[in-house]
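*Asks:* Let me give you the structure first, and then I'll get to my questions.
Here it is, written out as structure tokens:
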């Protein structure tokens, strides 16, 4: 029984770190219902929030002006809180350790989701929503079995952990703000932000992000290649694994070569960790410039910088009392920050020490744990 518990704990360790490819195929498809509880709970929260919005606005388009009504304020608050609340509930459910508690949470989440579908006045809409809920529930189970759910859950936990360290993020963002502040006060940037369409702005942002990620991948591949070919265990790795299920598992004489899926998985975890760290810094930097814009852009300044540009903007279909050029400038500066920090994190020694080196150390630890686990499984325990 102890050996089974060790194996289950080791599998959970890899799943929590976004490394499902390390597990055997049978292990990935075990305990799907309790493992899916966090995702199902988050999905239920999203449905509850959307149901509240649908009931509140009566199916009408949301158009918020400078004097929003209480109903519009409620809709904005619910929409703003929807994703953070879903992440919070999913995280709380993931903290449930017992299988019975997770079973209960998963079942309750599906019941809540079906209840939201039944709120629709039309029976046809109710049936459609119930079918959609069943399809999404099945999709969540399949994604967990394939290992995608593990990677997505790890990415969400990683993002939340970075957001929780807001002070460190601001500390990292402020030097970048000082370097890019001149871009904020550049007239050509505001002229571009006034005349460009939202779709074209997204294309510009996407292009900048893709270029930055491609550069990151090249640099990370060079840094991780020696680690992937090194199967040795350092004393620091043994110490870090002392309180894990792998403490009692011996190091194999010779570790198995990484399969292509495993290699792709472990490298993806490093790249995704790096991208998430830099994205959080870019988001904080963009938020600083957004607040600065709200303080600076009086009607006279807005008219001068944007040649009488609109004092209202849109965000995912909602009209907001925020200048559209400010939204575009914020998006552009966020993407520019992402590119700048990406380049520095690979090429600059100080940035590399701050961003990339800890991830390479984690990669080495994951490989040591992987070798111990694979040897443990191959012994038939």
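Numbering (this note's numbering), first residue to last: 8 to 388.
For every residue, glycine included, the Cβ atom is placed at its ideal position computed from N, Cα and C.
For residue 203, which residues in the same chain have their Cβ closer than 8 Å to its Cβ, ignoring the five residues on either side in sequence?
*Replies:* Result list for residue 203: 211, 335, in chain order.
*Asks:* For residue 134, is the classification buried or exposed, using 16 other Cβ atoms within 10 angstroms of its Cβ as the cut-off for buried?
*Replies:* When all chains shown are included, residue 134 counts as exposed.
*Asks:* Along the beta strand (DSSP E) that carries residue 322, what are the first and last residues, could you check?
*Replies:* Per DSSP, residue 322 belongs to the beta strand (DSSP E) from 320–322.
*Asks:* Would you tell me roughly how many angstroms separate the C-alpha atoms of residue 119 and residue 126, rounded to the nearest one?
*Replies:* Going from the Cα of residue 119 to the Cα of residue 126 covers about 11 Å.
*Asks:* Under the three-state reduction of DSSP, which class applies to residue 144: helix, strand or coil?
*Replies:* Three-state result, residue 144: helix.
*Asks:* What first and last residue would you give for the alpha helix (DSSP H) that runs through residue 242?
*Replies:* Its alpha helix (DSSP H) spans residues 242–247.
*Asks:* Which stretch, first to last residue, makes up the alpha helix (DSSP H) that contains residue 231?
*Replies:* Note, residue 231: alpha helix (DSSP H), 205–235.
*Asks:* Are residue 231 and residue 277 closer than 8 Å when you measure CB to CB?
*Replies:* Yes, they are a contact pair.
*Asks:* Measuring alpha carbon to alpha carbon, tell me which residue in 293, 338, 365 is nearest residue 181.
*Replies:* Ranking 293, 338, 365 by Cα distance to residue 181 puts 293 first.
*Asks:* What residues are listed by DSSP as bridge partners for residue 92?
*Replies:* None, per the DSSP bridge assignment.
*Asks:* So, with DSSP's three-state summary, where would you put residue 26?
*Replies:* Residue 26: coil per DSSP, three-state reduction.
*Asks:* Would you kindly report the start and end of the unbroken alpha helix (DSSP H) that includes residue 41?
*Replies:* It spans 39–42 - the alpha helix (DSSP H) in which residue 41 sits, taken as one unbroken run.
*Asks:* What's the C-alpha gap between residue 149 and residue 102?
*Replies:* The alpha-carbon atoms of residue 149 and residue 102 are separated by roughly 22 Å.
*Asks:* Give me the Cα-Cα distance between residue 280 and residue 235, rounded to the nearest whole angstrom.
*Replies:* Rounded to the nearest angstrom, the two C-alpha atoms are 17 Å apart.
*Asks:* If I measure Cβ to Cβ from residue 265 and keep anything under 7 Å in the same chain, skipping five residues before and after, which residues do I get?
*Replies:* Closer than 7 Å at the Cβ level, and outside the excluded window around residue 265, lie 235.
*Asks:* How long is the line joining the alpha carbons of residue 131 and residue 140, rounded to whole angstroms?
*Replies:* Approximately 14 Å between the Cα atoms of the pair.
*Asks:* Could you tell me the alpha carbon to alpha carbon distance between residue 30 and residue 93, rounded to whole angstroms?
*Replies:* Rounded to the nearest angstrom, the two C-alpha atoms are 28 Å apart.
*Asks:* DSSP has residue 327 in a bridge; who is on the other side?
*Replies:* According to DSSP, which records beta bridges pairwise, residue 327 is partnered with 320.
*Asks:* Pull up the distance between the alpha-carbon of residue 164 and that of residue 217, whole angstroms please.
*Replies:* Computed Cα separation, rounded: 23 Å.
*Asks:* Suppose the cutoff is 6 Å on Cβ atoms and the five residues either side in sequence are ignored; what does the same chain contact list for residue 259 look like?
*Replies:* Correct list, in chain order: 378, 382.
*Asks:* Does the pairing of the region 280–290 with the region 298–312 give three or more beta-carbon distances under 8 Å?
*Replies:* Taking 8 Å as the limit for Cβ pairs, the verdict is that the region 298–312 does not touch the region 280–290.
*Asks:* Quick one: what does DSSP say residue 136 is sitting in, helix, strand or coil?
*Replies:* Three-state DSSP puts residue 136 in a helix.
*Asks:* Does the distance from the CB of residue 116 to the CB of residue 48 come in under 8 Å?
*Replies:* Yes, Cβ-Cβ distance for residue 116 and residue 48 is below 8 Å.
*Asks:* Closest to residue 147 by CA distance: which of 296, 299, 39, 385 is it?
*Replies:* Ranking the options by Cα distance to residue 147, first place goes to 39.
*Asks:* Skipping 5 residues on each side, what residues in its chain have a beta carbon closer than 8 Å to that of residue 167?
*Replies:* Taken in chain order, the residues that qualify are 94, 98.
*Asks:* What is the C-beta distance between residue 391 and residue 297, in whole angstroms, given that I count them as a contact (C-beta under 8 Å)?
*Replies:* The first residue shown for the chain is 8 and the last is 388, placing residue 391 beyond what the model contains.
*Asks:* Given residue 60, which residues of its chain have a CB within under 6 Å of its CB, disregarding the five upstream and five downstream residues?
*Replies:* Answer for residue 60: 82, 85, listed in chain order.
*Asks:* Helix, strand or coil for residue 61 per DSSP?
*Replies:* In this structure, residue 61 counts as helix in the three-state DSSP scheme.
*Asks:* Do residue 348 and residue 288 have their CB atoms nearer than 8 Å?
*Replies:* A contact, by the Cβ cut-off of 8 Å.
*Asks:* How big is the Cα-Cα spacing for residue 12 and residue 333?
*Replies:* Cα to Cα, the separation comes out at about 55 Å.
*Asks:* Going by alpha carbons, who is nearest to residue 330 out of 104, 78, 305?
*Replies:* Among 104, 78, 305, the Cα nearest to that of residue 330 belongs to 305.
*Asks:* If you follow the alpha helix (DSSP H) that residue 296 is in, where does it begin and where does it stop?
*Replies:* Unbroken alpha helix (DSSP H) run through residue 296: 267–303.
*Asks:* In angstroms with no decimal places, state the Cα-to-Cα distance between residue 37 and residue 160.
*Replies:* In a straight line, the C-alpha of residue 37 is about 17 Å away from that of residue 160.
*Asks:* Is the separation between the beta-carbon of residue 124 and that of residue 136 shorter than 8 Å?
*Replies:* Closer than 8 Å, so yes.
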